[in-house]
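Enquirer:
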Amino acid sequence: MTTQELVAQIKKKKSFLCIGLDVDLNKIPTHLLKEEDPIFAFNKAIIDATHHLCVSYKPNTAFYEAYGIKGWQSLEKTINYLNKNYPEIYTIADAKRGDIGNTSTMYAKAFFEDLAFDSVTVAPYMGKDSVEPFLAFDNKHTIMLALTSNEGAFDFQTKTVEGKELYKQVLETSKSWKNSKNLMYVVGATKAEYFTEIRKIVPNSFLLVPGVGAQGGNLQDVCKYGLSKNVGLLINSSRGIIYASKEANFAEEAAKKALELQVQMAEILN
Ligand SMILES: O=C(O)c1cc(=O)[nH]c(=O)n1[C@@H]1O[C@H](COP(=O)(O)O)[C@@H](O)[C@H]1O
1 MTTQELVAQI KKKKSFLCIG LDVDLNKIPT HLLKEEDPIF AFNKAIIDAT
51 HHLCVSYKPN TAFYEAYGIK GWQSLEKTIN YLNKNYPEIY TIADAKRGDI
101 GNTSTMYAKA FFEDLAFDSV TVAPYMGKDS VEPFLAFDNK HTIMLALTSN
151 EGAFDFQTKT VEGKELYKQV LETSKSWKNS KNLMYVVGAT KAEYFTEIRK
201 IVPNSFLLVP GVGAQGGNLQ DVCKYGLSKN VGLLINSSRG IIYASKEANF
251 AEEAAKKALE LQVQMAEILN
């Protein structure tokens, strides 16, 4: 999906919500455990109940890889279900990859070609030649970690190196990479006070913003400093939406949580 198509969906749905499909078998309703594929059954119910309220879904691959081959098959079924039934939805494989060039090319093929996701998250630590293989794919986005939502972000990302914080160097340097138009960046919702500085470096780039909900990030604060002229934000919430209830009506309860965020987003976009 192109950035323009994503923006059009955001305007149409009055939503820049991304729902995280981080499925933990200990947290889903127990009646689903009898299903042949409980993870897919859970995702399908959540997607069917919430697709009109969000523009994106982000399965974090860790939650699938943890269940071995069966988990990977659940991931494949989930992306195929989305692509077939809701082609207007923007899909993110949250895999946080990145390696030497030929290995990154294989990671990119796995997520862009085999699984046909619209985007994948990558870590910037190995630098330009580890990210450019992802950027070579047309109409696919590479979402690079810039300033993450966790406490450990202060271990390296905010440290000053050669007179500038590392996360700013990541943002600035990456703008010169080949096909950098295909880049988006991750900035945690828990770091709202950094958005003004970030927007000075990447005024128009899309930012994937996790950390609203379970991690305590605030939607209003993020939007106050993070919105760009083309919206430029995808706000992710995973646990705060998908685990709203463990009862039979779990999907409806998840939709209520998604609606709460979508209503606030519609107000912000007005
Ligand atoms: O890349 C991410 O999506 C990510 C980056 C980051 O800085 N912080 C962060 O929480 N995430 C992911 O976003 C999701 C947040 O989940 P909840 O805290 O349950 O909403 C998880 O899948 C995290 O792995």
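With our numbering as the guide, the letters of the sequence shown map in order to residues 1 to 270. Where is the CB? At the ideal position from N, CA and C, for every residue including glycine.
1) From the DSSP output, in three-state form, read off Val23 for me.
2) Pull up the DSSP beta-bridge partners for Met126, would you.
3) With the cut-off set at 8 Å, would you say Thr61 and Ala93 are in Cβ contact?
4) For Phe112 and Glu165, what's the separation of their Cα atoms in angstroms?
5) Hey, is the segment 181–190 in contact with the segment 157–164, meaning 3+ C-beta pairs nearer than 8 Å?
6) Where does Asn80 fall in DSSP's three states?
7) Leaving out five residues on either side along the sequence, give the residues of the same chain with a beta carbon under 6 Å from the beta carbon of Ile46.
8) How is the alpha helix (DSSP H) around Gln168 delimited, first residue to last?
9) Compute the minimum distance between the beta carbon of Leu135 and the heavy atoms of ligand 1, and state whether it is under 7 Å.
10) Using the C-alpha atoms, what's the distance from Asp155 back to Asn139?
11) When DSSP builds the beta bridges, which residues end up paired with Tyr90?
12) The alpha helix (DSSP H) spanning Asn43 covers which residue range?
Expert: Based on what the coordinates show:
1) In the sequence shown, counting from the first residue as 1, residue 23 sits at position 23. Val23: coil per DSSP, three-state reduction.
2) Numbered from 1 along the sequence shown, position 126 holds the residue referred to as residue 126. Its beta-bridge partners do not exist; DSSP assigns none.
3) Mapped onto the sequence shown, residue 61 falls at position 61. Mapped onto the sequence shown, residue 93 falls at position 93. Contact flag set, yes.
4) Within the sequence shown, residue 112 is the residue found at index 112, counting from 1. Within the sequence shown, residue 165 is the residue found at index 165, counting from 1. Looking at the two C-alpha atoms, the distance is approximately 32 Å.
5) Too few Cβ pairs lie closer than 8 Å, so no.
6) Counting from one through the sequence shown, the residue named residue 80 turns up at place 80. Asn80 sits in a helix when the DSSP states are folded into three classes.
7) Within the sequence shown, residue 46 is the residue found at index 46, counting from 1. Taking C-beta separations shorter than 6 Å and ignoring five residues to either side along the sequence, the partners of Ile46 in its chain run Ile242, Ala251, Ala254, following chain order.
8) The residue labelled residue 168 in the question sits at position 168 within the sequence shown. The sequence shown places Lys at residue 168, rather than the Gln named in the question. Note, Lys168: alpha helix (DSSP H), 166–174.
9) To locate residue 135, count along the sequence shown from 1; it is residue 135. Checking every heavy atom of ligand 1 against the Cβ of Leu135, none is found closer than 7 Å.
10) Walking along the sequence shown from the start, residue 139 turns up at place 139. Walking along the sequence shown from the start, residue 155 turns up at place 155. Each residue's alpha carbon lies about 34 Å from the other.
11) Reading the sequence shown from its first residue, position 90 is the one you call residue 90. Per DSSP, the beta bridge partners of Tyr90 are Ser56.
12) Position 43 of the sequence shown holds residue 43. Element bounds for Asn43: 38–50.
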